[in-house]
Amino acid sequence: MSWLSEIVRPKIRAFVAKKPDIPDNLWHKCGNCGEMIFHRDYAGNANVCHHCGFHGKLPLKRRLELLFDGEEYTRIELPKVPVDPLKFKDRKRYSDRHKDAQTASKEQDACIVAHGLIGGQNVVVAAFNFEFMGGSMGTAVGEALYAGARLAVLQKAAYIVIPSSGGARMQEGILSLMQMARTTIGVQRVREAGLPYIVVLTNPTTGGVTASFAMLGDVTLAEPGAIIGFAGARVIEETIREKLPPGFQRSEYLLEHGMIDRIVTRKELAAELGKIAQLLMNKKNRGLSSGTQAATPQLFLSTAKKA
Amino acid sequence: MPHRTCRCVVGVLSLSRMNNYLDFEQPILELEGKIAELKRMDDPQLDLRDELKRLEEKAEKLLKQTYGKLTPWQKVQVARHPARPRFGKVLSTLFPDLVTLAGDRCFGEDAAIIGGLATFEGYTVMVIGQERGADLQSRLKHNFGMAKPEGYRKAQRMMKLAEQYGLPVLTFIDTPGAYPGVGAEERGQAEAIARCIDVSLGLTVPVLATVIGEGGSGGAIALAAADRVLMFEHAVYSVISPEGCASILWRSADHAAEAAEALKITAQDLLRLGVIDAIVPEPLGGAHRHPDAALHSLRLALNEQLGLTLKHNPAERRYQRGEKFLAMGRKAA
Numbered sequence: 001m002s003w004l005s006e007i008v009r010p011k012i013r014a015f016v017a018k019k020p021d022i023p024d025n026l027w028h029k030c031g032n033c034g035e036m037i038f039h040r041d042y043a044g045n046a047n048v049c050h051h052c053g054f055h056g057k058l059p060l061k062r063r064l065e066l067l068f069d070g071e072e073y074t075r076i077e078l079p080k081v082p083v084d085p086l087k088f089k090d091r092k093r094y095s096d097r098h099k100d101a102q103t104a105s106k107e108q109d110a111c112i113v114a115h116g117l118i119g120g121q122n123v124v125v126a127a128f129n130f131e132f133m134g135g136s137m138g139t140a141v142g143e144a145l146y147a148g149a150r151l152a153v154l155q156k157a158a159y160i161v162i163p164s165s166g167g168a169r170m171q172e173g174i175l176s177l178m179q180m181a182r183t184t185i186g187v188q189r190v191r192e193a194g195l196p197y198i199v200v201l202t203n204p205t206t207g208g209v210t211a212s213f214a215m216l217g218d219v220t221l222a223e224p225g226a227i228i229g230f231a232g233a234r235v236i237e238e239t240i241r242e243k244l245p246p247g248f249q250r251s252e253y254l255l256e257h258g259m260i261d262r263i264v265t266r267k268e269l270a271a272e273l274g275k276i277a278q279l280l281m282n283k284k285n286r287g288l289s290s291g292t293q294a295a296t297p298q299l300f301l302s303t304a305k306k307a
Numbered sequence: 308m309p310h311r312t313c314r315c316v317v318g319v320l321s322l323s324r325m326n327n328y329l330d331f332e333q334p335i336l337e338l339e340g341k342i343a344e345l346k347r348m349d350d351p352q353l354d355l356r357d358e359l360k361r362l363e364e365k366a367e368k369l370l371k372q373t374y375g376k377l378t379p380w381q382k383v384q385v386a387r388h389p390a391r392p393r394f395g396k397v398l399s400t401l402f403p404d405l406v407t408l409a410g411d412r413c414f415g416e417d418a419a420i421i422g423g424l425a426t427f428e429g430y431t432v433m434v435i436g437q438e439r440g441a442d443l444q445s446r447l448k449h450n451f452g453m454a455k456p457e458g459y460r461k462a463q464r465m466m467k468l469a470e471q472y473g474l475p476v477l478t479f480i481d482t483p484g485a486y487p488g489v490g491a492e493e494r495g496q497a498e499a500i501a502r503c504i505d506v507s508l509g510l511t512v513p514v515l516a517t518v519i520g521e522g523g524s525g526g527a528i529a530l531a532a533a534d535r536v537l538m539f540e541h542a543v544y545s546v547i548s549p550e551g552c553a554s555i556l557w558r559s560a561d562h563a564a565e566a567a568e569a570l571k572i573t574a575q576d577l578l579r580l581g582v583i584d585a586i587v588p589e590p591l592g593g594a595h596r597h598p599d600a601a602l603h604s605l606r607l608a609l610n611e612q613l614g615l616t617l618k619h620n621p622a623e624r625r626y627q628r629g630e631k632f633l634a635m636g637r638k639a640a
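Here the protein sequences come in this chain order: A and G.
Heads up: the first sequence begins at 1 in this note's numbering, then just goes up one per residue.
Heads up: the second sequence begins at 308 in this note's numbering, then just goes up one per residue.
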């Protein structure tokens, strides 16, 4: 390799091949109906197809902006936990996979916590980033959800969780399974404080995430057409050796079977959440019931304040 | 310790079939075959006692060696061993006065999770466990230990009843996982499991969980959000079956042994990780060789662990249970 091939040739090539400044993704093709949508129109419509109403993937930051009043929110720093507790390695090291996901997403892990106002109501939001290892739940995610619950209790705010996850992060082995219990404890702390716990199921929510905090909402909403279930469709097909019914495990199917309260479009979501939080935190209703029979709030609050 | 021998030895093959030997037990099987053959000869002119003693000692040594260093994948096979004592055996041995309760009061009765009221160490207790069945017929009846939402809702009902009457809850886990089916999804498998964990963590009565065979994923933790989680020495407890994990991460179920290793599913690993609280010793060669000895060991362990949970007052007990789970994974093990 001479300086000719290493330096001169690429420079010439770069000069000759200089293209006009046009991004190649001006158009978005709907994942459902296949219609082409101008990318700015698509983004302006919160990544919802104009033609069929299909709710596409929404970047986490955009989701938060759409939810909070005036697009203003504060993210909190999350507790650090040991990464790769099992030194897990399949065809690739988990620590490498994790690092790659961090670099690609510029996030620490798959769940972030923010607080602010929605519809004028004080809320804490914990939202999943599906792009980060499929939104899978390991210790860091469990810790984030618990931190969100604690913040909600301290701020006397409604707690809104927006999962989008394939389930437990198997690279953390049994510790990922333990998140099903750990996140449930967070839900209980919010409940004991008499605060609303609202879940917004987005595409997809499956496995251990569904089978824990995601199905424990006081009120459970879902975006249209989201896949929500415990077992994966392929696993079920292989077990029963039958074709699955149409619309199986979609939001509409869950609504029909009594598993969720409402299906809410992305556009209406912020208003709905504000309304529900307001209805559940109406000051005039205070003292009308003896409240949840909480066994531990005193113990919990004393430790929460210390932390 | 005496070995299980077979008086009607015809050959190595039939012995293997009768005693359900595992592949890695092959050398032990051959020795035991020889011992059985010698015993059968029973020739008064030949004094075989020394030779017999020598072989028996050798077999025991081999058994000790093999079972002293079982690989995680071998433990999976031991945990799934057809002759391993199942929950039904636990019930009949440890809780002979059991009054079974049935039904979730919503939809149906699920035989994959059974249990009811019984006496243990003088206390009335609520016993709940997964039964996978011992032969084909009972396996079908109990759906191989794979519970549907009805099962988890029945468990919730029993836990709430236990809280109402101040009964310690003893759960026994042995399941490949919750049942993946259309009906199960329709009736809210995820919600049923989630609520089961929720109810269990909310109890103020003592909750003891024991993984007696295979602790399969969400279907297992639904019954294992307990004050004290015990595991039989050769039981396994995992977020996903090694086969399932291998077929996803290695793209082939053939890598199950590697996956089993990587997932850290043995009682010894989980104790180190702080996920379980105690290991219940099994007799030499596994619970399937001496079920009664295994159950005796289980009784002692449960008795001891129950004593520990009874030291706390109810509110404290519930709080400590939560804190125990919250502490998991926060510090490097």
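For each residue, glycine too, the CB sits at the ideal point set by N, CA and C.
Review point. For MET281(A), does the three-state DSSP call read helix, strand or coil?
Key: Of the three classes helix, strand and coil, the one that applies to MET281(A) here is coil, per DSSP.
Point to revise | Exposed unless 16 or more other CB atoms sit within 10 angstroms - verdict on VAL251(G) | key: The structure shown does not extend to residue 251(G), since chain G spans only 308 to 640, so no value can be given for it.
Point to revise | Outcome for MET348(G) when other beta-carbon atoms lying within 10 angstroms are tallied against a minimum of 16 | key: When all chains shown are included, MET348(G) counts as exposed.
Point to revise | Option nearest GLY440(G) by Cα separation, candidates PHE394(G), ASP350(G), LYS618(G), PRO379(G) | key: PHE394(G)
Review point. Looking only at its own chain, which residues have a Cβ that is under 8 Å from the Cβ of ARG387(G), when we skip the five neighbours before and after it?
Key: GLY520, GLU521
Check your understanding: Hey, would you say VAL124(A) sits closer than 8 Å to ALA101(A), going by beta carbons?
Key -> no
Review point. Given that a residue counts as buried once 16 or more other Cβ atoms are within 10 Å of its Cβ, and exposed if not, what is ALA501(G)?
Key: buried
Review point. Mind pulling the chain A residues with CB within less than 7 Å of TYR544(G)?
Key: ILE174
Review point. Under the criterion of a Cβ to heavy atom distance below 7 Å, does TYR197(A) qualify as lining the ligand ADP?
Key: With respect to the ligand ADP, the structure shown offers nothing to examine, as it has no ligands at all.
Review point. For the stretch 175 to 200 of chain A, which residues have a CB atom closer than 8 Å to at least one CB atom of chain G, in sequence order?
Key: LEU175, SER176, LEU177, MET178, MET180, ALA181, ARG182, THR184, ILE185, VAL187, GLN188
Practice item. Kindly list, in the order they appear in chain G, the residues whose Cβ is closer than 8 Å to that of TYR146(A). Key: LEU633
Check your understanding: In terms of residue numbering, what span does the beta strand (DSSP E) encompassing ASN610(G) cover?
Key -> ASN610(G) -> not in any beta strand (DSSP E); alpha helix (DSSP H) instead, spanning 598 to 617.
Review point. From TRP27(A) to LEU60(A), what does the alpha carbon distance come to, in whole angstroms?
Key: Each residue's alpha carbon lies about 21 Å from the other.
Review point. Taking only runs of the alpha helix (DSSP H) that begin and end inside the stretch 357 to 399 of chain G, which ones reach a length of at least 4 residues, in chain order?
Key: 379 to 386, all fully within the stretch 357 to 399 of chain G.
Review point. Whose C-beta lies closer than 7 Å to the C-beta of PRO334(G) among residues of the same chain, with five residues either side of it excluded?
Key: LEU369
Exercise for review: Could you please give me the residues that DSSP links to TYR430(G) through a beta bridge?
Suggested key: DSSP lists PHE427(G) as partners of TYR430(G).
Practice item. Determine, using beta carbons only, whether LYS365(G) comes closer than 8 Å to chain A. Key: no
Practice item. Identify the contact partners of CYS552(G) in chain A, using a Cβ-Cβ distance below 7 Å as the criterion. Key: Simply MET170.
Review point. Using a Cβ-Cβ distance under 8 Å, would HIS257(A) count as near chain D?
Key: Going by chain labels, chain D is absent from the structure shown, which instead holds the protein chains A and G.
Exercise for review: Measure the Cβ-Cβ separation of THR482(G) and GLY526(G) and say whether it is below 8 Å.
Suggested key: yes
Check your understanding: Mind checking ALA634(G): buried by the 16 CB within 10 Å criterion, or exposed?
Key -> Label assigned to ALA634(G): exposed.
Check your understanding: Is the CB of ASP96(A) under 8 Å away from at least one CB in chain G?
Key -> no
Review point. What is the DSSP secondary structure of ALA168(A), counted as helix, strand or coil?
Key: The three-state secondary structure of ALA168(A), taken from DSSP, is strand.
Exercise for review: Kindly provide the ranges of any beta strand (DSSP E) runs that are 3 or more residues long and lie completely inside the stretch 42 to 78 of chain A, ordered along the chain.
Suggested key: 73 to 75
Practice item. Could you tell me which chain G residues have their CB closer than 7 Å to the CB of GLN108(A), listed as they occur along the chain? Key: Within 7 Å Cβ-Cβ: nothing; GLN108(A) doesn't reach chain G, min ~15 Å.
Review point. Run through DSSP, which three-state label would TYR159(A) get?
Key: strand
Review point. Since ARG625(G) and GLY509(G) are thought to touch, with beta carbons under 8 Å apart, how far apart are those beta carbons, to the nearest angstrom?
Key: Sure, about 7 Å apart at Cβ, within 8 Å.
Review point. Three or more beta-carbon pairs under 8 Å between the stretch 133 to 152 of chain A and the stretch 218 to 229 of chain A, yes or no?
Key: no
Review point. What does a CB cutoff of less than 7 Å around GLU470(G) pick up in its chain, not counting 5 residues either side in sequence?
Key: LEU510, THR511, VAL512
Practice item. Can you grab the Cα-Cα spacing for the pair ILE174(A) / ARG40(A), in whole Å? Key: 44 Å
**Study point:** Contact list for ASP90(A) against chain G, beta-carbon separation under 7 Å
**Key:** Those within 7 Å of ASP90(A) in chain G are LEU556, TRP557, ALA569.
Point to revise | Whole-angstrom C-beta distance between ARG91(A) and LEU556(G), which should lie under 8 Å | key: Under the criterion of beta carbons closer than 8 Å, LEU556(G) and ARG91(A) qualify as touching, at roughly 7 Å.
Check your understanding: What does GLU689(G) touch in chain A if you count any residue whose Cβ is under 7 Å from its own?
Key -> Coverage of chain G is limited to positions 308 through 640, which leaves residue 689(G) absent and any answer about it impossible.
Review point. Whose Cβ in chain G lies nearer than 8 Å to the Cβ of ILE236(A)?
Key: PRO487, GLY488, VAL489, GLU492
**Study point:** With 16 other Cβ atoms within 10 Å as the buried cut-off, status of PRO456(G)
**Key:** buried
Exercise for review: Can you check DSSP and say which residues form a bridge with TRP3(A)?
Suggested key: TRP3(A) is bridged by DSSP to nothing; it lacks a bridge partner.
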